[in-house]
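In what follows, a structure is listed as structure tokens, so that the remarks can point back to it.
Protein chains in written order, with the numbering used here: chain A, 136 to 326; chain B, 136 to 326.
And the structure:
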């Protein structure tokens, strides 16, 4: 599959509105089958994903969002909830068979939480890039009540919400004017 | 610029060794000029990057790494330190001119830290993908003494280290056998 740098970086824009064009479930499976290859620490792969696309689940999620993000979730055909499994290390014997690394995390909640947060964020970025590679527009959001999303979607699990991302065909008339980025010298240095 | 999904996801591999092939500084500028377009919350862009490529700086960084990661940093022509600026919100009036959002973070260190950690991690993932798009192989690592890296590279700043990533031409003979990923049903659900 061929892509362009424009499609995943330079031309892609964060969407604030979506057209009523459905996303088939098979597209979401395809999305996971791409993003799963992105690297994580010790292949720990702590991210868990819920693809919200029924009217009932969407209503539940809308109620957890900040006012400014409610309409985006209401419009989007799918919103992905990107969570982090705080028991991800239970899977390490399968995911990292090269040596025994599960013990690094047992009883070390600070390391477990930072590893889950960092690496599920990496995987959330892979989701954004992979979606764009599949011509799905993205509207990532972190303005919501995380405890409410946890309760509405992850009850009875060891997963906590990291961020959410609307997916679908974006309405380019609702995109913000493109914001400036930091210049190289403001963000980077050589050593 | 054309790429393939193989190049950025399905065929790309985490490198454990690097050939002695230099990476020109202009390539690293090009790398930043791509990754900077990846989306962050409120365009906050909290990541800061140091590209370590002199023998002296490399020696300093090697001394901060876990034993298993020392040789990787020693071999790689460049290792990027991905940091997070805990005063990123000072730049929001420039980065997010649409409305006044700096005040959300003033005096709220929990929100500031989680926003810096999440979004600098996203930007670290964009660095990995953008490097692969530019045919630079990656060796991301989080096994190091973060306090030591902070002291050796970010003293006198509000930046703290998130993770590091070796960059260059990877030695494919040192790549691990590919580890399994979680199946769709293990990592994902529909709602």
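Yeah, the Cβ is synthetic: ideal placement off N, Cα and C, and Gly gets one too. Being a predicted model, the structure only gives us computed values, none of them experimental.
Residue 383 of chain A and residue 213 of chain A look like a contact to me (Cβ under 8 Å); what is the Cβ gap, rounded to whole Å? Lying before the first or after the last residue shown, residue 383 of chain A is absent from chain A, which here runs from 136 to 326.
With DSSP as the reference, please indicate the residues paired to residue 257 of chain B in a beta bridge. Numbered from 1 along the second chain, position 122 holds the residue referred to as residue 257 of chain B. BP columns for residue 257 of chain B are empty, so no partner.
Option nearest residue 259 of chain A by Cα separation, candidates A:142, A:146, A:140, A:186: In the first chain, the residue the question calls residue 259 of chain A occupies position 124. The shortest Cα separation from residue 259 of chain A among A:142, A:146, A:140, A:186 belongs to A:186.
Which residues mark the beginning and the end of the alpha helix (DSSP H) in which residue 205 of chain A is found? Translated into positions along the first chain, residue 205 of chain A becomes position 70. Its alpha helix (DSSP H) spans residues 202-210.
Cβ-based burial, residue 270 of chain A [other Cβ within 10 Å; buried from 16]: As a position in the first chain, residue 270 of chain A is number 135, starting the count at 1. Burial call: exposed.
Does the distance from the CB of residue 138 of chain A to the CB of residue 138 of chain B come in under 8 Å? Counting from one through the first chain, the residue named residue 138 of chain A turns up at place 3. Counting from one through the second chain, the residue named residue 138 of chain B turns up at place 3. Their beta carbons are under 8 Å apart, which means residue 138 of chain A touches residue 138 of chain B by this criterion.
According to DSSP, which residues form a beta bridge with residue 274 of chain A? Residue 274 of chain A sits at position 139 when you count from the first residue of the first chain. A:301, per the DSSP bridge assignment.
Report yes or no: do the region 261-280 of chain A and the region 161-175 of chain A share at least 3 C-beta pairs separated by less than 8 Å? yes
Using DSSP's beta-bridge definition, name the partner residues of residue 234 of chain B. By one-based count along the second chain, residue 234 of chain B stands at place 99. Bridge partners of residue 234 of chain B: none, in fact.
Determine, using beta carbons only, whether residue 142 of chain B and residue 272 of chain B come nearer to each other than 8 Å. Numbered from its first residue, the second chain carries residue 142 of chain B at position 7. Numbered from its first residue, the second chain carries residue 272 of chain B at position 137. No; because the gap between Cβ atoms is not below 8 Å, this pair is not in contact.
Within the continuous beta strand (DSSP E) that includes residue 197 of chain A, where are the two ends? For the purposes of this step, residue 197 of chain A is identified with residue 62 of the first chain, where counting begins at 1. Taken as a continuous stretch (DSSP letters only), residue 197 of chain A belongs to no beta strand (DSSP E), being part of the alpha helix (DSSP H) at 190-197.
Counting only the same chain and skipping the five closest in sequence on each side, list residues whose C-beta sits under 6 Å from that of residue 202 of chain A. Counting from 1 along the first chain, the entry for residue 202 of chain A is found at position 67. So no residue of the chain qualifies.
Could you name the residues of chain A that residue 233 of chain B contacts, counting a contact when the two beta carbons are closer than 7 Å? For this step, residue 233 of chain B is matched to residue 98 along the second chain. Those within 7 Å of residue 233 of chain B in chain A are 311.
So, are the CB atoms of residue 199 of chain B and residue 301 of chain B less than 8 Å apart? Residue numbering aside, residue 199 of chain B sits at position 64 when the second chain is read from its first letter. Residue numbering aside, residue 301 of chain B sits at position 166 when the second chain is read from its first letter. The answer is no: Cβ separation not under 8 Å.
Who pairs with residue 292 of chain A in a beta bridge, going by DSSP? Numbered from its first residue, the first chain carries residue 292 of chain A at position 157. DSSP lists no partner for residue 292 of chain A.
May I have the straight-line CA-CA distance separating residue 292 of chain B from residue 208 of chain B, to the nearest angstrom? If you number the second chain from 1, residue 292 of chain B lands on position 157. If you number the second chain from 1, residue 208 of chain B lands on position 73. Looking at the two C-alpha atoms, the distance is approximately 24 Å.
Roughly how many whole angstroms lie between the Cα atoms of residue 145 of chain A and residue 242 of chain A? Here the question's residue 145 of chain A lines up with position 10 in the first chain. Here the question's residue 242 of chain A lines up with position 107 in the first chain. So the alpha carbons of these two residues sit roughly 43 Å apart.
Thinking just about the alpha-carbon of each residue, which of B:306, B:290, B:305, B:284 is nearest to the one in residue 298 of chain B? One-based indexing of the second chain puts residue 298 of chain B at position 163. Closest option to residue 298 of chain B, Cα to Cα, is B:284.
Three-way DSSP call (helix, strand, coil) for residue 139 of chain A in this model: One-based indexing of the first chain puts residue 139 of chain A at position 4. Reduced to three states, the DSSP call for residue 139 of chain A is strand.
Is residue 238 of chain B near residue 296 of chain B, with beta carbons less than 8 Å apart? Here residue 238 of chain B corresponds to residue number 103 of the second chain, with the count starting at 1. Here residue 296 of chain B corresponds to residue number 161 of the second chain, with the count starting at 1. Result no, Cβ atoms of residue 238 of chain B and residue 296 of chain B do not sit closer than 8 Å.
Could you tell me whether any Cβ in chain A is nearer than 8 Å to the Cβ of residue 237 of chain B? Stepping through the second chain from its first residue, residue 237 of chain B is reached at position 102. By this cut-off, residue 237 of chain B is not an interface position.
Would you verify that the beta carbon of residue 289 of chain A is, or is not, closer than 8 Å to some beta carbon of chain B? Translated into the one-based positions of the first chain, residue 289 of chain A becomes position 154. By this cut-off, residue 289 of chain A is not an interface position.
Interface residues of chain B facing residue 259 of chain A [CB-CB closer than 9 Å]: On the first chain, residue 259 of chain A is found 124 positions in, with the first residue counted as 1. Within chain B, the residues near residue 259 of chain A are 253, 256, 257, 260.
Return helix, strand or coil for residue 279 of chain B, following the three-state DSSP convention. The residue given as residue 279 of chain B occupies position 144 in the second chain. Residue 279 of chain B falls in the strand class under three-state DSSP.
Out of B:253, B:233, B:194, which has the shortest C-alpha to C-alpha gap to residue 220 of chain B? Taking the first residue of the second chain as 1, we reach residue 220 of chain B at position 85. Nearest option by C-alpha distance: B:253.
Sort out for me which residues DSSP pairs residue 220 of chain A with in a bridge. Within the first chain, the letter at position 85 stands for residue 220 of chain A. Note: residue 220 of chain A sits in a beta bridge opposite A:294.
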